[in-house]
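S.K.: To convert a position in the sequence shown, counted from 1, into the working numbering, add 1. Idealized CB from N, CA, C, for every residue including glycine.
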Amino acid sequence: MTTLTLQQRFAVATAIGAAGGGVALAMIGQGNFGYGDAGFLRVATAGAFLAGLLVAGGFGGQGVPGLLRALLSFLGATVLGAVIAVLLMPFDSLWRQVLPLEILRDWVAGSLVGPLHVLEVLADDLLVLVVWAGGVAASRAAHLISRT
Numbered sequence: 002m003t004t005l006t007l008q009q010r011f012a013v014a015t016a017i018g019a020a021g022g023g024v025a026l027a028m029i030g031q032g033n034f035g036y037g038d039a040g041f042l043r044v045a046t047a048g049a050f051l052a053g054l055l056v057a058g059g060f061g062g063q064g065v066p067g068l069l070r071a072l073l074s075f076l077g078a079t080v081l082g083a084v085i086a087v088l089l090m091p092f093d094s095l096w097r098q099v100l101p102l103e104i105l106r107d108w109v110a111g112s113l114v115g116p117l118h119v120l121e122v123l124a125d126d127l128l129v130l131v132v133w134a135g136g137v138a139a140s141r142a143a144h145l146i147s148r149t
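Have a look at this one:
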């Protein structure tokens, strides 16, 4: 793990959050999610950003091992960001209404299904995969920035 400054950690998280938001926009454009376009974009971006904060230490290492650690960190952020996004859904819904009990049930079930859905869409939809790959490239840039 690399020791990053707070500024570097937030830079990495911002890049990963932007990648997550981009994937969410691509998924929305392809009709691959039914939560609600604006709500999905909010929770996906926030989930990716928070996951980025958690995995930022995997960026900034030297050489091929550092690059591989950064790639694995980005893959981990993809799955973790999806879990966090699903967990944020009920809180997003609170902005619009009082929290009904059905949302809590869906929240627990969705936290298990969310990451699998993201991986399925990555495997099935070329546009979403291309945008996700752009996020991988952005994580490479964040990796290089973290090294300086």
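For T46 and V122, what's the separation of their Cα atoms in angstroms?
M.R.: Residue numbering aside, residue 46 sits at position 45 when the sequence shown is read from its first letter. Residue numbering aside, residue 122 sits at position 121 when the sequence shown is read from its first letter. Using only the alpha carbons, I get a separation of about 17 Å.
S.K.: Measure the alpha-carbon distance for A20 versus G135 and round it to whole angstroms.
M.R.: In the sequence shown, counting from the first residue as 1, residue 20 sits at position 19. In the sequence shown, counting from the first residue as 1, residue 135 sits at position 134. Going by the C-alpha atoms only, they are around 7 Å apart.
S.K.: Rounding to the nearest angstrom, what Cα-Cα distance links L150 and V24 in this structure?
M.R.: Any answer about residue 150 is impossible in this case: the structure gives the chain only from 2 up to 149.
S.K.: Between A39 and the ligand MN, is there a pair consisting of the residue's CB and a ligand heavy atom that are separated by less than 8 Å?
M.R.: In terms of ligand content, the structure shown is empty, and the ligand MN therefore cannot be addressed.
S.K.: Taking R85 and A52 to be in contact with their CB atoms under 8 Å, please state how far apart those CB atoms are, rounded to whole angstroms.
M.R.: If you number the sequence shown from 1, residue 85 lands on position 84. If you number the sequence shown from 1, residue 52 lands on position 51. Just to set this straight, residue 85 is Ile in the shown sequence, not Arg. Yes, I85 and A52 are in contact; Cβ-Cβ is about 6 Å, under 8 Å.
S.K.: Among D93, V80 and V131, which residue has its Cα nearest to the Cα of A49?
M.R.: Working through the sequence shown from its first residue, we reach residue 49 at position 48. Measuring from the Cα of A49, the nearest candidate turns out to be V80.
S.K.: Under three-state DSSP, which class holds G82?
M.R.: One-based indexing of the sequence shown puts residue 82 at position 81. Helix.
S.K.: Would V87 be called buried (16 or more neighbouring beta carbons within 10 Å of its own) or exposed?
M.R.: Working through the sequence shown from its first residue, we reach residue 87 at position 86. Buried.
S.K.: Just to confirm, is the Cβ distance from G64 to L73 under 9 Å?
M.R.: Indexing the sequence shown from 1 puts residue 64 at position 63. Indexing the sequence shown from 1 puts residue 73 at position 72. Cβ distance not < 9 Å, so G64 and L73 don't count as in contact.
S.K.: CA-CA distance, A71 and V131?
M.R.: To locate residue 71, count along the sequence shown from 1; it is residue 70. To locate residue 131, count along the sequence shown from 1; it is residue 130. Cα-Cα distance, rounded: 19 Å.
S.K.: Alpha carbon to alpha carbon, how far is F11 from L54?
M.R.: Counted from its first residue, the sequence shown places residue 11 at position 10. Counted from its first residue, the sequence shown places residue 54 at position 53. Taking the straight line joining both Cα atoms gives about 7 Å.
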